[in-house]
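Worksheet: the structure to be examined is printed underneath.
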């Protein structure tokens, strides 16, 4: 219910005062326009025009540029030399149109917030806030800016119209990240705690009602919340927890946690796409940017960057990501469409906070080490300005505001230029060219400006006087001074070019002034000149260091305000190149001398502007390493093995002192060594530095060592040490046993003997018959005319370097060509070892003699097998007991009047 209560007198007076103030304000704007009408004689200097109106930028047009003022421009109008070469007055109308100004709000460790007009890049105010301000969030309507004060556990509320703190809200411990909702009704503040990477902090988010500036809710989140963003529709808040590497998602309708997302290693900065589809997280621990899909709450991409990314923002059109890299002093630019890095721009030494102007044309980067704000053109990706600020400017969050709105109307005024009365005229053109220089030096061609001067009806020479901080000359490359004199001839000064440069003593920054041209009886003329004197880059001092020969140096990362660091090294013998650009990585120090080597490294800072700063020198001293000493304790004895098998190993002990690297143990020929008794090779390395005592080393004959006798020295070696030998006693490798078995054959009576073949058993090391120097021969006593029966096949004569031979004979069976019954084929060997091959004594064709008898005897005459008909082939056992390998005797009687077969049989296992 609304109740209309009469207002007291003092309230009515207050309202009246407000109304009157508004009336007179509008009148003052109008009066401003009228009071700036000017009338100037030809050659006279106009009065500078400074436009007023809170939170406004001005662009203006000039109806008649012939008066010496351009047809259009922005900002205030400086004084200029009025021009009228006619016989009648010239009146130009200037119309200035105000537009809204945008402002950057930069907190710093001085407990203040710097307010920067993004159109002029000038600091327009310094607002005192709480202790150690850190995070910033500007409301969408541009009327409020909220600043988290980590040192005083509060949030400062800034009225952008008056640039004053209108409220201070107490929140949790050490607030950092802060974000205001799109409708401006709520502010979410991350309470980090007493220190980063600590579980003891509040780990919460305070929710502030902006209507009464009170905390209405405290929400528990992950460990060390550091950053906060709000979705464009205001329905979700994303809180980045640096210690737990997660993002807590909060429902703003209920102020409850709805999920937690894995963010990335040591996550630090957070931003959200304008369409709300993606959240981006800068992760300095992995030098990446995580891309999180807000529909699935999953990381869908990881973009590699470099140099510890921390601050991050998204352009208002959503097309670009801008990431500050504190370690590499760069701003990385990422294409948000395909998550690829498309460029980088050098910032100052430790860039942190980053924001983009509403038109996406300028990027502002706060640097907490150089105490500067770097301005970058987002179209050309080049630095355009450097704005000095207070100490340790972090400015994490959206620190650029639309501003409270311009409260002024367009204004118009006139400038009337009367013609000269005396007739003497000095004519000038506008200055062209660009003056740029490095602090401490004068600018030089082509980085200079020039303009033309002429005169009519002159009665005296023309004097050209340079303004403070500039010098003038009649030539581009020399002859500069404070003034030059131009001689008239018959009252005429022909068109002459005047060259202007900045002087040696100019301080860094923008320089400007007016060149004054005068001649007796003629109106004085002024030509505006300006330039930029670039500050010399600085490299911070580098600590000298020492290392010993073979040690690794400490990596050197140059810091300061330079874009480029060039260095030279006067002693490359230490293992570092004679010159280079950028940081110096760690390297292995070298000193092969007896005394220390001192190398002087000189680093020169240089900017992209071409300015070089004062070089800084430091030293790297490399001491000679102490001599390493090797020793051994050995009671080794000779070893033996059979070719194809390793010998039993034995061991000895080695020691080393003052080691700069490991001890290499090299075995003599035929042997192999190991440091664990398991893995052997021709060499083994005992790694480590310093002192190593009583290290056990194993040695053995290798399985591939050929037959013969072996000895020699085991060699111990290490860098910077004298090698020593350990004697290995005489050791022997004997031949491996190889069995040659003559294969059984058969032929018809009267036929020629078939080719005889042999089978080998016992090759090692994956070898074969190629290792035979002389292959074996297989022969028999039978001839083509030998009577039917069985005849021995004998193998012999094989020769090999690494094998000894055992021969097993075969059987040649001669059968009658007219026989009806198949001839028996009786093998003289079999191998009952269970491998499924030749495990039984198979007598070929014995099944045709059903009444046959088979008896087998040991060499002592004991019958070990007997069968009638031989229904089951013999498996080499006697009464279930496995018989030993060896030679046995058989008697096979086929019956039916056939001859009895006798012979010897070998069991091979």
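In this note's numbering, the protein residues as written are 61 to 969.
C-beta atoms are modelled at their ideal positions from N, C-alpha and C, and glycine is treated no differently.
Between the alpha carbons of residue 900 and residue 826, how many angstroms are there, rounded? 28 Å
Beta-bridge pairing of residue 773 - partner residues as DSSP gives them: 787
Residue 721 vs residue 569 beta-carbon contact at 8 Å: no
Which term fits residue 776, buried or exposed, when burial requires 16 or more other beta carbons within 10 angstroms of its beta carbon? buried
Extent of the continuous beta strand (DSSP E) to which residue 443 belongs: 442-448
Give me the Cα-Cα distance between residue 98 and residue 107, rounded to the nearest whole angstrom. 8 Å
Okay, do the region 483-500 and the region 650-658 touch, 3+ Cβ pairs below 8 Å being the bar? no
What first and last residue would you give for the beta strand (DSSP E) that runs through residue 561? 553-562
Enclosing beta strand (DSSP E) for residue 186 [first to last residue]: 182-188
For residue 934, which residues does DSSP report across the bridge? 901
List in chain order: all unbroken alpha helix (DSSP H) runs of 4+ residues lying wholly within the region 310-388. none
State the DSSP-derived secondary structure class of residue 437, mapped to helix, strand or coil. strand
For residue 417, which beta-bridge partners are listed by DSSP? Partner(s): none; residue 417 has no beta bridge.
Just curious, the beta strand (DSSP E) that residue 138 is in, first and last residue? Note, residue 138: premise wrong, no beta strand (DSSP E); not H, not E.
Grab me the residues of residue 410's own chain with a C-beta within less than 8 Å of its C-beta, minus the 5 sequence neighbours each way, in chain order. 386, 389, 427, 428, 429, 430, 619
Buried or exposed (CB count within 10 angstroms, at least 16 for buried), residue 246: buried
Since residue 204 is in the beta strand (DSSP E), which residue starts that stretch and which ends it? 204-209
For a quick check, are the C-beta atoms of residue 308 and residue 322 less than 8 Å apart? no
So, at 7 Å on beta carbons, what are the nonlocal neighbours of residue 640 in its own chain, with the 5 sequence-adjacent residues on each side left out? 627
Run through DSSP, which three-state label would residue 838 get? strand
For the beta strand (DSSP E) that residue 148 lies in, which residues bound it at each end? Run containing residue 148: none; DSSP gives neither H nor E here.
Other residues of its chain near residue 404: CB distance less than 6 Å, five sequence neighbours each side excluded: 390, 392
Candidates 273, 274, 280, 270: closest to residue 264 by CA position: 280
Grab me the residues of residue 442's own chain with a C-beta within less than 8 Å of its C-beta, minus the 5 sequence neighbours each way, in chain order. 405, 436
Could you please give me the residues that DSSP links to residue 614 through a beta bridge? In the DSSP output, where bridge partners are listed per residue, residue 614 has none listed.
Contact between the region 357-369 and the region 338-346 (3+ Cβ pairs under 8 Å): yes
Could you please give the first and the last residue of the uninterrupted beta strand (DSSP E) stretch that includes residue 195? 193-198
On the criterion of 16 or more Cβ atoms from any shown chain inside 10 Å, does residue 920 qualify as buried, or is it exposed? exposed
Can at least three beta-carbon pairs, one atom from the region 489-498 and one from the region 554-563, be found at a separation below 8 Å? yes
Limits of the beta strand (DSSP E) - the one that residue 961 falls within: 961-967
Ordered list of beta strand (DSSP E) runs contained in the region 802-834, each at least 3 residues: 805-808, 818-821, 832-834
Thinking just about the alpha-carbon of each residue, which of 469, 964, 206, 763 is nearest to the one in residue 824? 763
Quick check: what's the CA-CA separation for residue 984 versus residue 910? Limits of the chain in this structure are 61 at one end and 969 at the other, which puts residue 984 out of reach.
DSSP has residue 277 in a bridge; who is on the other side? 267
6 Å Cβ shell around residue 257 - same chain, five flanking residues per side excluded: For residue 257, the predicted model reports a pLDDT of 49, less than 50, meaning its position is unreliable; a value from the coordinates is still stated below. Correct list, in chain order: 303.
Could you check the C-alpha separation between residue 755 and residue 696 for me, to the nearest Å? 15 Å
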